[in-house]
Amino acid sequence: MARPKLAVWKLASCDGCQLTLLDCQDELLAIAAEVDIVHFTEATSTDLPGPYDVSLVEGSVTTVQDAARIQRIREQSGALVTIGACATAGGVQALRNFADIAEFTAAVYARPDYIETLATSTPIADHVKVDFELRGCPIDKRQLIELISALLVGRKPQIPGHSVCYECKIRGNTCVMVAHGTPCLGPVTQAGCGAICPAFGRGCYGCFGPVAAPNTASLIPQLGRLGMTDDGVERVFSTFNVAAPGFSPQTRARSADEKRKR
């Protein structure tokens with residue numbers, strides 16, 4: 168019986184989520200014994216044609232070529248899974264969505280007239296049907312192994328949807344907001360990292376993006392009471408998941424308006 172074909176693709180990204188797969192080490196050897204890795208430029212020169220049983224896609228759509236390429240990948244993939252903040256929310260490069268792209272390219276490149284890019288950086292789900300999204304910047308090794316294992320046996324991946332605060336409770340962390348007055352996005356951020364930052368006395372930076380219904384309207388005033396300025400609030404939300412519904416400037420403003428009306 169033929170083994171399932173696994174392909175790993177990269178669009179606009181830093182490669183960090185692909186490196187997480189390589190960091191699986193012993194687990195990757197077990198996975199490789201169950202699948203044929205037929206495309207994974209970060210790890211092998213093998214490049215076989217589709218169709219593919221599972222495609223993992225890292226990176227956001229930032230060029231016309233990206234938009235056409237993801238359509239081809241979707242057509243050839245049985246299951247398409249987006250991995251990381253770039254693929255699921257547009258990534259840190261989605262800061263361009265709220266500014267003048269011509270100004271950005273002029274500031275970065277000596278010859279911006281040579282640069283051909285879209286005005287926005289968008290997640291894969293804005294362009295094609297996505298079967299599952301794996302959050303994080305980068306993704307979590309344990310979640311990645313769970314995802315691939317589940318897909319191989321045909322079950323639903325067990326990926327949590329609760330907040331980082333829940334993970335802090337599991338680890339026995341003292342709440343950095345309550346105990347130390349440290350601003351933290353844990354209450355509005357999806358779990359997955361194992362509450363790494365709060366475990367070392369730092370506030371959560373929102374690497375895994377917003378929970379399903381983030382109550383930013385209640386959290387932001389609390390961040391201010393802990394000493395964070397308005398500019399600081401904008402900066403802490405304007406990182407890996409700046410364009411994600413819940414963290415974007417528009418959805419935060421809408422959440423605040425709804426709170427005022429209540």
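Here the sequence shown is numbered in our numbering, starting from 168 and rising by one per residue. Beta carbons: idealized from backbone N, C-alpha and C, even for Gly. These numbers come from a predicted model, not from an experiment.
| Query | Result |
| --- | --- |
| Classify Ile431 as helix, strand or coil using the three-state DSSP reduction. | Absent from the structure is residue 431, since the part of the chain shown begins at 168 and ends at 429. |
| If you compare alpha carbons, which of Phe375, Thr187, Val345 and Ser222 is closest to Gln357? | Phe375 |
| Nearest-angstrom Cα distance between Thr341 and Gly353? | 13 Å |
| Using a Cβ-Cβ cutoff of less than 7 Å, which residues in the same chain neighbour Glu334 once the five nearest sequence positions on both sides are dropped? | Ala358, Gly361 and Ala362 |
| Can you give me the C-alpha to C-alpha distance between Thr383 and Phe414, rounded to a whole angstrom? | 8 Å |
| Could you check which residue in Pro412, Asp424 and Val175 has the C-alpha nearest to that of Leu247? | Val175 |
| Can you tell me the Cα-Cα spacing of Glu242 and Ser222, whole angstroms? | 11 Å |
| What is the DSSP secondary structure of Tyr333, reduced to helix, strand or coil? | helix |
| Return the first residue and the last residue of the alpha helix (DSSP H) that Ser316 is part of. | Lys308 to Val320 |
| How would you write the range of the beta strand (DSSP E) that Ser422 sits in, first residue to last? | It is not in any beta strand (DSSP E) - Ser422 instead sits in the alpha helix (DSSP H) that spans Pro416 to Lys428. |
| Lys177 bridges to which residues according to DSSP? | Glu225 |
| On the three-pair Cβ rule with 8 Å, is the stretch 253-261 touching the stretch 399-416? | yes |
| Ends of the alpha helix (DSSP H) at Asp233? | Val231 to Gln243 |
| Quick one: using the 10 Å Cβ neighbour count with 16 as the cut-off for buried, is Gln232 buried or exposed? | exposed |
| Might you give, ordered along the chain, the residues of its own chain that have their beta carbon closer than 7 Å to the beta carbon of Ala234, omitting 5 neighbours on each side? | Val228 and His294 |
| Is there contact between the stretch 323-330 and the stretch 302-313, where contact requires at least three CB pairs shorter than 8 Å? | yes |
| Which term fits Ala200, buried or exposed, when burial requires 16 or more other beta carbons within 10 angstroms of its beta carbon? | exposed |
| Look at Gly348 and Gly391 and say whether their C-beta atoms are less than 9 Å apart. | no |
| Using C-beta distances below 6 Å, list every residue in its chain close to Ser244, excluding the 5 sequence neighbours before and after it, in chain order. | Tyr219 and Ser222 |
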